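Taking it in order: structure first as structure tokens, then the write-up.
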Amino acid sequence: MKRLVVAALVITALLVGFPMMGSANGVATDASETATYFEDVSGPTGVALQVNDTDGGDNETERHRNPDDRDGNGDEEAVLSWLSGRLAGKLGDGAIQISDEQYELARDILGDDYDDRLEQFVDVSGGSDETDTFREAGDKEEELVDLREEFEETRAAYEEAVENGNTERARELARKLVALAEQIEDVSADLEALLAEIESISGEDLSDARAAIEQVQNESISEATEIAEREFESTELSVDIATERISFLDPAVLTGQIQTVEGEPLANEEIQLTVGNESHTVETGPDGAFSLEHRPTDLPLSAETLSISYVPEPNSVYLGSEASVPVTVTQVEPTMDIRVATETVGYGDTVTISGNLSVENVPVSGVPLSVTLGGREINTIQVTDGSFESAVEIPANVPAGEQELTVSLPFENQALAGVTETQAVTVEETETALSVTASQVNGTALSVSGTVTTVDGLGVGGQSVEITLDGERVGTVMTRADGSFATTLAITPDEDGEEVQIGAAFDGTASNLRSSQGDTIVTLELPANPGGSGSAAKGDTSPIDTIEKNVLLPGTVLGSGVLLLMLGAVWWYRRPNNEDTTTDDGTVRDEGAVGGREANVLDSLFDHATTHLESGDANSAVQASYSAVRRQFEATIDAGRALTHWEFYQAYRNASDGADEESASETTEDALRALTEAYEQAAYSPDGVQIEEATRTVERARQLCTRADGGTAAADSDSVRADSGGEPRERGSDR
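In my numbering, the protein residues as written are 1404 to 2138.
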């Protein structure tokens, strides 16, 4: 029934959109009604073309319109709603994976696909505070992945050190665990606040995700506290200041004492104290007393207290402690002089910058200086004992011509006032050379690669290269650090022997590099099986993707009103099926469907499996799909996560004994066994699995993970086919 309704909506949309279709070259007759998102895939030769970045870089495809020139608010709101929901879902999935200690899967969820969706959100919204919220949440979640994984690895190393009787090593690791737990606490608190904000933006329920983050936070703190209490003695730090009014020229004179909480002094020891952001080494007396002077540099003028911390050695038996004293900060102005080794530079040249920084002949130390050239920041130099020196490489983004080289202390309203010195430098333009090659890798794809270098052979990295088809722009690709670039073009040749010209051009405008270009001719061949089964559908199929692939044929651009109809069709088709299935006695039959959150996790796992297939990573695709099946089946097996893959399979067989024939069918058991064998091959065999076997395995896993809407996880269209490459399978049908 769903397919009939969706088909009717699509036909209606096509009929409504027919008057807005453009000419054969794909140009819309009414630009104001053109959807903002869709790239023009019709080339001048009639070869449909789409740019896919094989490098995961910051590649772009040509948009029809600048997002700033959009209208059609209803369409934009629908797209923004879908994108915000998808981004929120990925953040939720990532949080669950972190709590499940599936760190690589969490990174996959927050990887290129999240970045792509975020860029689409930026394109449609034109940039907003909501964009910053999604970007910051993604960054925080990735940071939490790294911290929690490091915490787990450190804890394992600590337990090993304890088992081996290595006390010093155990204390070092215990101290690191305490520090990591504190970082996890801070990042988790920030992330929970961001997720709460994203709930209000997207309308998605992220309570499970926030609970998972809170669980990670609490577990980390609890485990670190338990270990710290076992390994260390707590300390108390007391500090007094001679006078509250301080400046760089009138330093803070501090006296204090360090002892254990039981009152035992840390006598006659060399200890490390951090005052503000500066480290001091002092000697304690027989009673644990010490004294020191501190010249404030970056302390804010608004500061009312100065913080002092005791920082024990890594293998010390003591825990750190903190204290603070009241202060009033007065600002002073430093003086700086700079020296530049040469006055003429070019791309890739190294120039030495040096100088001095002081206040009334008192040298300044421990502050960072910012170096800019032509308004572009090119380096940061640290000042030590009043002097600095650094070799700086000239980047490409500094425009050619006479430019100002500026060295500055970027302070504002701090104990040291900001100061800047400049020197004129001439930046010469450097010639470049671009080479490009292209070849047809199969019936539907072209591989394009090349390099951008200086005439001396130095690779030019981080630059945008425009790709053209017979002279018309079809996309861009970024160069790698060595100047190389690569991308894949999806093609549909009209006839054998058709020739196309693939061009590549580097535009050196606003840089110190001269523009360059190159091109190559490719003779196309028709695919051996133009109507073949194709690859498995990518799990992350959006309303945008669906319309782009299935509706926007070459030469057809639908209006914004049509887009809204199509979005409605896709939403209706993909909405959860909440109709209860009842037996003759009126009771609801459990179809083994997963809940909303778990369904999103399964979707995400199959998204990653499909992405790995497309990139040729067969082993990772199999492992991701196996993880999805484990999650689906664990509810029926006791201690599922603690079992090996073969123990899990055996546990499923045992749990199936005596069950009804439908839930314990031989087909399901055989499929799980085949999946387990493929997983073992992918995870443990040096030979791994082949891409064909991985494709069959991922499809088999989809069949095992039946979804609440009657379909299979991450199978959103008829392009998901049987293992043998047969006809499309209806959603929810048995194989």
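Beta carbons: idealized from backbone N, C-alpha and C, even for Gly. Bear in mind the structure is a predicted one, so any value in this text is a computation, not a measurement.
Buried versus exposed, by CB contacts within 10 Å (16 or more), residue i
i, result
"Asp2056", "According to the sequence displayed, residue 2056 carries Arg and not Asp. Exposed is the call here."
"Thr1628", "exposed"
"Ile1630", "buried"
"Gly1497", "buried"
"Asn1680", "exposed"
"Gly1780", "Rather than Gly, the amino acid found at residue 1780 in this sequence is Glu. The residue is exposed, with fewer than 16 neighbouring Cβ atoms inside 10 Å."
"Asp1526", "buried"
"Thr1570", "exposed"
"Asn1567", "exposed"
"Arg1698", "buried"
"Thr1738", "exposed"
"Ala1559", "exposed"
"Glu1667", "exposed"
"Thr1687", "buried"
Proximal residues to residue i (C-beta, below 6 Å), its chain only, five neighbours per side dropped
i, result
"Gly1906", "Thr1871 and Asp1922"
"Val1730", "Glu1647, Ile1649 and Leu1709"
"Gly1460", "Here Gly1460 scores only 45 on pLDDT, less than 50, and its place in the model should not be relied on; the value that follows carries that caveat. Taken in chain order, the residues that qualify are Met1881."
"Glu1807", "Thr1825"
"Leu1849", "Ala1841, Gln1843, Leu1892 and Ile1894"
"Glu1834", "Val1858 and Arg1917"
"Val1565", "Ala1573"
"Ser1887", "Thr1854"
Euclidean distance between Cα positions of residue i and residue j
i, j, result
"Ile1674", "Glu1595", "37 Å"
"Leu1669", "Ala1573", "22 Å"
"Tyr2029", "Glu1522", "30 Å"
"Leu2078", "Thr2100", "6 Å"
"Leu2075", "Leu1676", "59 Å"
"Ala1706", "Ser1727", "12 Å"
"Leu1576", "Val1855", "46 Å"
"Ala2058", "Leu1583", "41 Å"
"Pro1715", "Ala2086", "43 Å"
"Pro1896", "Gly1874", "17 Å"
"Asp1846", "Phe1909", "According to the sequence provided, residue 1846 is Gly. The question's Asp does not apply to it. Cα to Cα, the separation comes out at about 29 Å."
"Gly1911", "Val1685", "55 Å"
"Val1795", "Leu1772", "13 Å"
"Asp2020", "Tyr2082", "13 Å"
"Phe1791", "Thr1700", "16 Å"
"Ser1605", "Gln2035", "27 Å"
"Val1765", "Ser1757", "18 Å"
"Glu1672", "Ser1719", "12 Å"
"Ser1603", "Thr1534", "14 Å"
"Val1830", "Val1868", "23 Å"
"Glu2017", "Tyr1713", "53 Å"
"Arg1613", "Pro1930", "49 Å"
Residue i CB to nearest heavy atom of the ligand PLP below 7 Å
i, result
"Ser1842", "The ligand PLP is absent from the structure shown, which contains no ligand whatsoever."
Test item: CB-CB of residue i and residue j under 8 Å
i, j, result
"Leu1508", "Lys1543", "no"
"Ile1616", "Ser1591", "yes"
"Phe2009", "Arg2103", "no"
"Val1767", "Leu1819", "yes"
"Leu1927", "Ile1894", "yes"
"Val2092", "Val2032", "no"
"Glu1815", "Leu1652", "no"
"Phe1802", "Arg1578", "Checking the sequence, you will find Pro at residue 1802 rather than Phe. No, the pair does not count as a contact, with Cβ atoms beyond the cut-off."
"Leu1704", "Val1732", "yes"
"His2011", "Ala2027", "yes"
"Ile1601", "Ala1540", "yes"
"Gly1751", "Ile1797", "yes"
"Val1822", "Glu1736", "yes"
"Ser1761", "Gly1789", "yes"
"Asn1915", "Gly1749", "yes"
Cβ-based neighbour list, residue i, same chain, cut-off 8 Å, excluding 5 preceding and 5 following
i, result
"Ala1827", "Glu1746, Glu1805, Gln1806, Glu1807 and Leu1808"
"Glu1696", "Pro1654, Ala1655, Val1656 and Leu1657"
"Glu1588", "Gln1620, Ser1623 and Ile1624"
"Ala1913", "Asn1800 and Pro1802"
"Glu1639", "Ile1661, Gln1662, Thr1663, Val1664 and Ser1724"
Close beta carbons around residue i, own chain, < 7 Å, minus the five adjacent residues each side
i, result
"Ala1744", "Val1754 and Thr1755"
"Tyr2052", "Leu2075, Arg2076 and Thr2079"
"Asp1943", "At Asp1943, the pLDDT of 42 sits below 50, so the modelled position is not reliable; the number obtained from the coordinates is stated separately. Answer for Asp1943: Asp1516 and Asp2010, listed in chain order."
"Thr1557", "Leu1576, Lys1579, Leu1580 and Leu1583"
"Ala1491", "Ile1601, Ser1605, Glu1607 and Leu1609"
Quiz item: On the three-pair Cβ rule with 8 Å, is the region 1892-1908 touching the region 1774-1787?
Solution: no
Quiz item: So does the region 1650-1665 actually touch the region 1679-1693, counting three or more Cβ pairs closer than 8 Å?
Solution: yes
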